[in-house]
Every structure is written in C-alpha cells, then in structure tokens.
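Have a look at the structure below before the remarks.
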Amino acid sequence: MATNMQVLLASRPTGWVEESNFRIVESPIPRPGAGEVLAKVHWLSLDPYMRGRMNAGKSYARAVEIGEVMTGGTVAEVTESNHRKFKPGDYVVGSLGWQQYAVSDGDGLTKIDPKLVPLSCYVGVVGMPGVTAWVGLLEHCRPKAGETVVVSAASGAVGSVVGQLAKMQGCRAVGIAGGSTKCEYVVRDLGFDACVDYKGGKLYDDLKAACPDGIDCYFENVGGEVMDTVFRQLNPFSRVALCGLISEYNLTEPYGVTMMRALLVNRVKLQGFIVSDRMDLYQRALPRLGKAVAEGRIKYRETVAQGLENAPKAFIGMLKGANLGKQLVKVA
Ligand SMILES: NC(=O)c1ccc[n+]([C@@H]2O[C@H](COP(=O)([O-])OP(=O)(O)OC[C@H]3O[C@@H](n4cnc5c(N)ncnc54)[C@H](OP(=O)(O)O)[C@@H]3O)[C@@H](O)[C@H]2O)c1
5 MATNMQVLLA
15 SRPTGWVEES
25 NFRIVESPIP
35 RPGAGEVLAK
45 VHWLSLDPYM
55 RGRMNAGKSY
65 ARAVEIGEVM
75 TGGTVAEVTE
85 SNHRKFKPGD
95 YVVGSLGWQQ
105 YAVSDGDGLT
115 KIDPKLVPLS
125 CYVGVVGMPG
135 VTAWVGLLEH
145 CRPKAGETVV
155 VSAASGAVGS
165 VVGQLAKMQG
175 CRAVGIAGGS
185 TKCEYVVRDL
195 GFDACVDYKG
205 GKLYDDLKAA
215 CPDGIDCYFE
225 NVGGEVMDTV
235 FRQLNPFSRV
245 ALCGLISEYN
255 LTEPYGVTMM
265 RALLVNRVKL
275 QGFIVSDRMD
285 LYQRALPRLG
295 KAVAEGRIKY
305 RETVAQGLEN
315 APKAFIGMLK
325 GANLGKQLVK
335 VA
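First residue of the sequence shown: 5, per the numbering used here; consecutive thereafter.
What follows is the structure, given as structure tokens:
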C-alpha cells in the first residue's frame, strides 16, 4: 500500500544543523474532506529561511514545532478534489511542507501553468526567490542605468536573478560567490560583468578592481565579513537591500558589524525586507519573470536531490554552499 513519507523536526539545532535534527516517518496517505484537495508533491524547495524556522523564539514567522512536518514551498499535483476551484490534474504552488502528500483547504494554493516554464521554476526563478530579487533590487535599491550593483551569494536562487535584473536596468552587475566554478558560471552563463570569489583571500582588493567606480547598490544575502568589506566601498547616497544573512544563521552568537561608520559618512539608505510583506508585488513580478524565463532572457540553474529522504542532507549542503543555483528536491 502507498504511504506518505514526511520529514519532521525532531530537535532544535544548536549551531550547525545535523541530519539527526530531522525524523523521517511513514503514515497512510490522508483523505481530503469536504472543501479540501489531496495534492501529490513533485518538487520541494529548500531555502535558507528554513534554518530560522527550526529555532524557537520570536521572528517574523512562526517556528516549526518539534514533531511537526518541516515547512517548505512545493509544486504539487491535485490528485483528488472536493474543492470547487481545483480539479485532479491541476498543478499548484504552495507551502505544503516536506512530505509526499498533503491535504489542503486550498488556502495559499495557486494554480500554475505547466506549459510556460518547467514546474520546478515556480519555487525558484518564477517563484519566491525570483520575486525576492525583484523586490529587493527594484523596490529598495532602485538602480539607475550606469550604476554598479553588487550582490552576494550571486550564483544562488536569489542572487542569480538580482544580477540579471540589474543588467536589464543597464547597470554594471558584480557578483560575490564562493569558488571559481560559481564565479565563472555567474559571468559566463548569467552575463554578470564580474564576479569576485570571497574565498580567494583578498575580497577587498578584488572587489575594488571589479567596481572601479565604487558601489551604488548592494543586495545583501550573506552578512558577516563580506558585508563589512562591501560597506567600505559604498558610494555616497548608495542603497543597500538587506535580504539575508546566511553566514550568521548557524552561529550561536551574532556577528558584530564593524563598518557602520561607512553607512553614516556616505548617507547610505539600508532597507531590511521580507518578501512575503509584498504580496502586491508578486502579481506584478511573477508574469514578467515567467515571460523572461520562457524567452530565455533570464537564465537559471538547479541542484536537485532525488527523493524526499535526501532532503535533510541537501538542506545542510545548501547552507554550506554545495548548491549551484536553486536547491530542490525531486519528490515524485
Ligand atoms: N528577505 C527575504 O524575504 C528573503 C527571501 C528569500 C531568501 N532570502 C535570503 O536570501 C539569501 C539567499 O537565499 P537563496 O535562496 O538564494 O540561497 P542560495 O544562494 O541559493 O544558497 C545559499 C548560498 O549561500 C552562500 N553561503 C552560505 N554560507 C555562506 C557564508 N558563510 N558566507 C558567504 N556565503 C555563504 C552559499 O554560496 P557560496 O558558495 O557562494 O558561499 C550558498 O550556496 C539567504 O540569506 C536567504 O535567507 C531572503
């Protein structure tokens, strides 16, 4: 008999996540009640924010409880429906979590077009990460043609879109990424003007060479020393979109920013943001991102783990930089 595999949060990590923080269980496939659908998950998205959900305590979103299914964005197929808006065979995107099947009342499920772009794109470049790039760059940095835009974690799901949108705005796009393979990909495949390897040991000098006119916009994904180094090269009246701080997510003590003075003397505008606050912009961004991907004007790469049982390992790998592009799990 077919069963439903689920990945639960078994314990809260202290510092780095370990596979033992997760527990894999099998249970009967649930049945949809009145007004509900049963959805079969095809793709699970693995995202850095999930590390935050493993912690107890106050944040912008509720923590996952011990014993609860890990939260996560998914692309799924409706297999049974008692809901007037959905029928079997519909593909949907929504947060169904780390499991093979889920029952939903339809709240938070959006139908998607499987012909426009591959299904997996709807949790990547044509989904939450793509919209994050859009909101941070176009709403908060507001780059003008000719300006220099720098983005960290440049080869990843969000960063790869930031640089390509910056190029469309007529900007100089400079990435920061870990290792020569990622940097080569960012320049050769994604079309950035330059990419600096922060693991190369001379980030300040390499960044200076890549940004001869200084930095007008910085899209921050990582924090820590990378952020401090970029802050030292910001131009007067530059803008920083503070999107993520992945280098700090597994620290037990926060990193102490040392270069706040650079923000003061350069009159820098820094805006922290959470993409889910801007559902209004999803409506504007998603069709445009979908069209750009379908026409090949925005490129993307995926790293795919096969099978839900490999999700914990792939998640830990993504936090350590093992992914190139969007990290996904092929569930079915
Ligand atoms: N504010 C929002 O609403 C929002 C929404 C989505 C994502 N985010 C944030 O955006 C950032 C990127 O997310 P993503 O989904 O696109 O992930 P991603 O870039 O696809 O994957 C994470 C990448 O982070 C880099 N990284 C890990 N540890 C690092 C360290 N110590 N120093 C520098 N880089 C490190 C690694 O690349 P390297 O090999 O290059 O180090 C890794 O591949 C994350 O901080 C995430 O939390 C925020």
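Glycine is no exception: its CB is placed at the ideal position from the N, C-alpha and C atoms.
Using DSSP's beta-bridge definition, name the partner residues of residue i.
i	result
glycine 98	Thr78
cysteine 199	Gly179
asparagine 8	Ser31
tyrosine 286	According to DSSP, tyrosine 286 bridges with nothing at all.
serine 164	Paired residue(s): none; serine 164 is not in a bridge.
lysine 44	Glu81, Tyr105
glutamate 224	Leu246
alanine 309	Val333
serine 156	Ile180
valine 73	Leu12
Whose CA, out of the options, lies closest to the CA of residue i?
i	options	result
glycine 140	Ser184, Glu84, Ser124, Ile278	Ile278
isoleucine 180	Tyr189, Gln173, Met172, Gly174	Tyr189
valine 97	Leu123, Met74, Pro147, Cys221	Leu123
valine 354	Val107, Asp281, Phe241	Any question about residue 354 goes unanswered here, given that the chain covers just 5 to 336.
methionine 264	Leu255, Ala67, Ala137, Gln237	Gln237
glycine 260	Asn270, Val269, Leu249, Leu268	Leu249
cysteine 215	Thr233, Glu69, Met172, Ala245	Thr233
valine 162	Asn327, Lys334, Ala336	Asn327
threonine 136	Val333, Tyr286, Met9, Ile320	Tyr286
isoleucine 70	Glu30, Pro17, Pro34, Asp111	Pro17
serine 49	Val153, Leu312, Asp281	Leu312
valine 154	Val127, Asn86, Leu246	Leu246
serine 226	Glu23, Gln10, Asp281, Gly276	Position check: residue 226 holds valine in this sequence, whereas serine was assumed. Out of Glu23, Gln10, Asp281, Gly276, Gly276 has the C-alpha closest to the C-alpha of valine 226.
alanine 158	Met9, Thr7, Arg305	Arg305
valine 244	Ser156, Asp284, Ser99	Ser156
Residue i by DSSP, collapsed to three states: which one?
i	result
histidine 87	coil
cysteine 125	helix
serine 242	strand
glycine 204	helix
alanine 65	coil
phenylalanine 277	coil
phenylalanine 26	strand
isoleucine 302	coil
tyrosine 253	coil
leucine 50	coil
isoleucine 219	strand
threonine 114	strand
threonine 136	helix
threonine 233	helix
glutamate 143	helix
asparagine 314	helix
tyrosine 189	helix
alanine 213	helix
proline 291	helix
leucine 120	coil
methionine 322	helix
arginine 265	helix
methionine 172	helix
alanine 149	coil
arginine 57	helix
valine 297	helix
So is the beta-carbon of residue i under 7 Å away from any non-hydrogen atom of ligand 1?
i	result
lysine 206	no
phenylalanine 241	no
aspartate 51	yes
phenylalanine 235	no
alanine 157	yes
leucine 141	no
cysteine 145	no
lysine 89	no
proline 133	yes
lysine 330	yes
glycine 160	yes
isoleucine 320	no
threonine 185	no
aspartate 125	Residue identity check: residue 125 is cysteine in the sequence provided, not aspartate. No, the Cβ of cysteine 125 stays beyond 7 Å of every heavy atom of ligand 1.
serine 99	no
cysteine 199	no
isoleucine 278	yes
threonine 136	yes
isoleucine 250	yes
asparagine 225	yes
leucine 194	no
asparagine 327	yes
cysteine 247	yes
glycine 163	yes
tyrosine 202	yes
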